[in-house]
Every structure is written in structure tokens, then in C-alpha cells.
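Engineer: In mature numbering (1 follows the signal peptide of the UniProt record, and there is no 0), the protein residues as written are -28 to -1, 1 to 322.
All C-beta atoms in this analysis are idealised placements derived from N, C-alpha and C, irrespective of residue type, glycine included.
What follows is a single structure, and I will ask about it in a moment.
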Amino acid sequence: MTQHSRDLSRRRLLFGGAAVGAATLLTACTSNDTPAASTQTKAAGNAEGNNAPGKKVVIGFSAPAADHGWMGAIHANAKAQAAAYSDVEFKEVDGGSNSEAQRSTLGTLIAQKPDIIVVLPHDGKEVNAVALQAMQAGIPIVNLDRAFPDALASRLVIKGDNYGMGVSAGHYIGKQLKDKGVANPIIGEIAGLEIPLTVERSEGFKAALATYGFKVENRRSAEFTSDSGQREASQLLQALPKIDAIWNHDDDQGIGVLAAIKQANRSEFFMVGGAGSKLAIDAIKADNTVLKATVTYNPSMASSAISLARLIAQGRGLGDLTELQVPKEVTLASETITKENASSYDKLGF
């Protein structure tokens, strides 16, 4: 059975009949063929202002292979947003499965001299040099999600608020436990790959919990995949006979986390997810698992990256700002999705 098939089976098992429609819709979130209907784009075309057609520009794009739902949505959103503009030619290169492969294909893309390139690196540090090469060649880089360590390696950084994700999760868990009168809670954390953005998430989580006098008892590192989530959750559950709350950084790996919880027949705690997948939102609304909330890290940032790259390449700024140029950095807020507001976030789920 393939990884894709295993993920679908887990979705059906964990989320039940109420989520069958969502699972069917989101099948492509673990593949490269996310349907256009699920993309998050902003209308363009004949509108006035920044959306009005301008100079024809070529936008290059590179991101890691779409091996899970969030990354699949990144690819789909970027492609769909580019297609919404009549003045944009979209050139995507294969980001491969590691930094070495991405550096190679980015080098090929740079040689083709696009007007601008949007890059979501496997690892910002490892791809930094090739981004600098592009900038030095006069090709602006829009750095998406995982930041380059060198400020000279990009014209614009657009990312989610990783520290803010941790803060949002920490405050939700802290408040829930305080309201329940839990004095010394046992809190688990299942992080993602140990890259800078994951460290930022954990730091934000730790800081928010500290304001309630709480701390993480056991932290495990998964890999943003359902298999790794199941593996690390199983070890966490074995290490902690009693748990009050868990924060899982990523809703895709959360499929495996929930599988491990179901297998262990544990339900004495509640869990918060991360990113805001459609399946997680549906589960929160159904309120039939330990998953009670998720904090957003929306892949719509890829759509925004394409829109901003277009404006930079055309020498335009943002219509609602006084400045003539697009800002240097854009950080999206992390919001908390609960049963009470989940319906409002349906259109943002990936």
C-alpha cells in the first residue's frame, strides 16, 4: 500500500462518515494534483488598481515536492494565482526531495532569466547561496515560508507566524486548563522537522504556557508526515501514562497522531493541531475526537507570494499603502480555530 493510500485509509477511520466528503475532496492534498476548486486565490483579471493588467512578467517558482497536504496546497495555490493574471507567465521547476536537488533546478531556472523567482526552500540555510546568486544576477527573490539567513538573499520574505502559532496554541491550552482548575498539567508536544520554523513554534508555545505557570512535560519531533506523527505520538503516549493536553504542530502529521491515540484507546486529554487543514476543521466541528482546536498556518501565503512577486516585477506597490514599493517582509497572523468559529474557516481549509 502506498503512503497516499495509507493516509486515505486513516482519514476514513479517524474522521468517520461525516468527513467522507471532505476526504474525497482533499485526496489531492497528498499528491501533486490538488483540484482547482480547493485553491485559495484572490480574484484578478479586469479589476482596477493592482489587479489591472500591466507589463508581462515571468515568475519562476520552486518549492519542495508536494508530499503532504500543506505543501500540495502551496503548489496548487501558486499555480492558480498565477493563472488568474493575464500578464503573468508561470515557470515552475521541480523542487525535488532535498536541498541539493532544489539548488540544481534553481540554477537552471536562474539561467533562463525570469523576471522574479518565488522560492520556498527545503532549508533556508542550505539554499541561501543560490538565492544570493539570483539576487546578484538582478533576479529578485521572493522568499516564501522558510526564511533565508542572509537578508541579501531575498527582496521580500512572506511567511506565516511560526512563533505566533506556538503562542496561539499555548494560550488556548493554558486557558482551557486554568478554566478546568488543573494546577499541574501534563502537557505533551509533537513538533515537526527540527528546522528553524519548528524551533520558533516551540519557543512561542513555551513562552505562552509560562504565562500560566505551565510547561511541556514531553516533546517529540516528527517529520510533518502521518507515519512519523503516529510513531512519535505512540512513544509520547507510552512515556506519559496521564496527559492533560497535547499540541501537535501539523495537521497532516496529525492524521498519524490521532491514529496512535485511537490505537492506544486514550481520551483523557484534548489536543490542538496546527496549520488548519479541512479535515481538522471538520473534526473540530464534529467534536467526536480529542482534537478540539487548530492554529492556522495558511498555504494561501503562496497565492499572496505570487501576487506580490508580480507587483515587484512590474515596479508597482500595494494600492492601500502610501509607499511606492512592496514591503520587505509580510508575516501572516496565526488564528485559533475552535468548534465555535470553525464554520468561518471552511473556505481556508486545505
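1) Do residue 127 and residue 95 have their C-beta atoms within less than 8 Å of each other?
2) Could you check if residue 133 is buried or exposed, using at least 16 other CB atoms within 10 Å of its CB as the buried criterion?
3) Check residue 282 in the structure and name its three-state DSSP category.
4) Out of 220, 35, 90, 218, which one is the CA nearest neighbour of residue 72?
5) Give me the residue from 159, 209, 305, 220 with the minimum Cα distance to residue 186.
6) Roughly how many angstroms separate the alpha carbons of residue 52 and residue 153, rounded to a whole number?
7) Rounded to whole angstroms, what is the Cα-Cα separation between residue 309 and residue 84?
8) For residue 78 versus residue 102, is the C-beta distance shorter than 8 Å?
9) Who are the near neighbours of residue 232 in its chain, counting only those whose CB is closer than 6 Å to its CB and skipping five residues on each side?
10) Apart from the five residues on each side of it in sequence, which residues of its chain come closer than 8 Å, Cβ to Cβ, to residue 65?
11) Relative to the C-alpha of residue 282, which candidate in 120, 247, 162, 58 has its C-alpha closest?
12) Do you know how far the Cα of residue 162 is from the Cα of residue 278?
13) Would residue 237 and residue 212 qualify as a contact pair, given that the criterion is a beta-carbon distance under 8 Å?
14) From the DSSP output, in three-state form, read off residue 197 for me.
15) Quick one: what does DSSP say residue 303 is sitting in, helix, strand or coil?
16) Find the nearest neighbour of residue 322 within the set 307, 240, 250, judged by alpha-carbon distance.
17) Helix or strand or just coil, what does DSSP make of residue 70?
18) Just verifying my parser: in three-state terms, what is the DSSP assignment at residue 342?
19) Does DSSP classify residue 220 as helix, strand or coil?
20) Is the number of C-beta pairs between the stretch 208 to 225 and the stretch 239 to 253 that are closer than 8 Å three or more?
Structural biologist: Walking through what the data contain:
1) no
2) By the Cβ neighbour-count rule, residue 133 is buried, with 16 or more other Cβ atoms within 10 Å of its own.
3) Residue 282 falls in the helix class under three-state DSSP.
4) 35
5) 159
6) Cα to Cα, the separation comes out at about 48 Å.
7) 43 Å
8) yes
9) 202, 205, 206
10) Residues 32, 33, 34, 77, 78, 80, 81 of the same chain have their beta carbon placed closer than 8 Å to that of residue 65, with the five preceding and five following residues left out of the count.
11) 58
12) Rounded to whole angstroms, residue 278 to residue 162 spans 32 Å at the Cα level.
13) no
14) coil
15) strand
16) Checked all of 307, 240, 250; the closest Cα to residue 322 is 250.
17) In the three-state reduction of the DSSP assignment, residue 70 falls in the coil class.
18) Outside the displayed range of the chain (-28 to 322) lies residue 342, so it cannot be described from this structure.
19) strand
20) Inter-segment contact for the stretch 208 to 225 and the stretch 239 to 253 is present: three or more beta-carbon pairs are separated by less than 8 Å.
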